[in-house]
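I have placed the structure first, in the form of C-alpha cells, so that the comments after it can refer back to it.
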Amino acid sequence: MSDQKSVVAVTIVVLLTGVVLASGTAATISAIPETFGGLLRVPIATSGNNLYMAWPNNDTGHFNVFFAKSTDGGKTFKTMMISAPNKGHTVDFNTQISASSSNVYVTWWTNKTGILIPVFRASNDNRNTFGKAITLNSTTTAANSLNTLLLTH
Numbered sequence: 058m059s060d061q062k063s064v065v066a067v068t069i070v071v072l073l074t075g076v077v078l079a080s081g082t083a084a085t086i087s088a089i090p091e092t093f094g095g096l097l098r099v100p101i102a103t104s105g106n107n108l109y110m111a112w113p114n115n116d117t118g119h120f121n122v123f124f125a126k127s128t129d130g131g132k133t134f135k136t137m138m139i140s141a142p143n144k145g146h147t148v149d150f151n152t153q154i155s156a157s158s159s160n161v162y163v164t165w166w167t168n169k170t171g172i173l174i175p176v177f178r179a180s181n182d183n184r185n186t187f188g189k190a191i192t193l194n195s196t197t198t199a200a201n202s203l204n205t206l207l208l209t210h
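In the working numbering, the protein residues as written are 58 to 210.
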C-alpha cells in the first residue's frame with residue numbers, strides 16, 4: 058500500500074440549511090463538513106517527504122482558509138492564510154486538499170459573493186507560492202448537495 062501513488066478521496070456534502078447571506082444577519086451552517094462524529098478533522102495530503110494540511114479557522118471571528126506545509130515529514134510546519142481575509146459574515150468551509158509531485162491543490166466553499174461558490178487555488182512549486190484564487194462555479198440555492206471528487210495520480 059505504501060507504493061501506491063494514487064489517492065482518491067470522495068466527499069459527499071449535504072447542507073441541510075443554508076448560509077444566511079444578508080448583511081447584519083448571522084451565518085448559519087447546519088453541519089460543517091470538517092466534523093465527523095463530533096471530532097474535527099484536517100484534510101491532509103502528502104507528496105514525497107512533504108506534508109500539506111488546509112483548514113478553515115475563525116480565530117479572528119471570521120472564517121478564513123489556512124494552509125500548512127512540512128518538508129521534514131511533519132516535524133515542523135510553516136503556516137499561511139490562503140483565502141482573502143474575510144470580514145462581516147463571510148464563511149469559508151469544507152476545505153479539501155490534494156498533492157502530486159510538486160503540485161498542491163486546495164478547494165473550499167465560500168459565501169463571499171452572497172451565494173455559495175467553490176474556490177480553487179493551486180501551487181506548482183511545492184507550495185512556495187500559490188496562484189490566485191479561482192471561483193469555479195456558483196449555485197443559486199444555499200441548501201444543496203455537493204459531490205466532490207479529488208483524484209491525484
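Note that beta-carbon positions come from the ideal geometry of N, C-alpha and C, so glycine has one too. These numbers were taken from a predicted model, which means no experiment stands behind them.
- In this structure residue 139 touches residue 163 by the C-beta definition: roughly 6 Å separates them, less than 8 Å.
- The straight-line gap separating the alpha-carbon atoms of residue 100 and residue 170 is approximately 25 Å.
- Secondary structure note for residue 135: its beta strand (DSSP E) is the uninterrupted segment 135-138.
- Counting along the chain, residue 126 sits inside the beta strand (DSSP E) bounded by residues 121-127.
- DSSP places residue 158 outside any beta strand (DSSP E), giving it a letter other than H or E.
- Residue 106 and residue 134 have their C-alpha atoms some 13 Å from each other.
- With respect to the 8 Å criterion, residue 149 and residue 175 are not classified as neighbours on the basis of their beta carbons.
- For residue 113, the enclosing beta strand (DSSP E) covers residues 107-114.
- Pairing residue 111 with residue 123 gives a Cβ-Cβ distance under 8 Å.
- Spanning the alpha carbons of residue 189 and residue 131 requires a straight line of approximately 26 Å.
- DSSP places residue 175 inside the beta strand (DSSP E), whose first and last residues are 174-180.
- In terms of Cα proximity to residue 125, the closest of 109, 151, 193 is 109.
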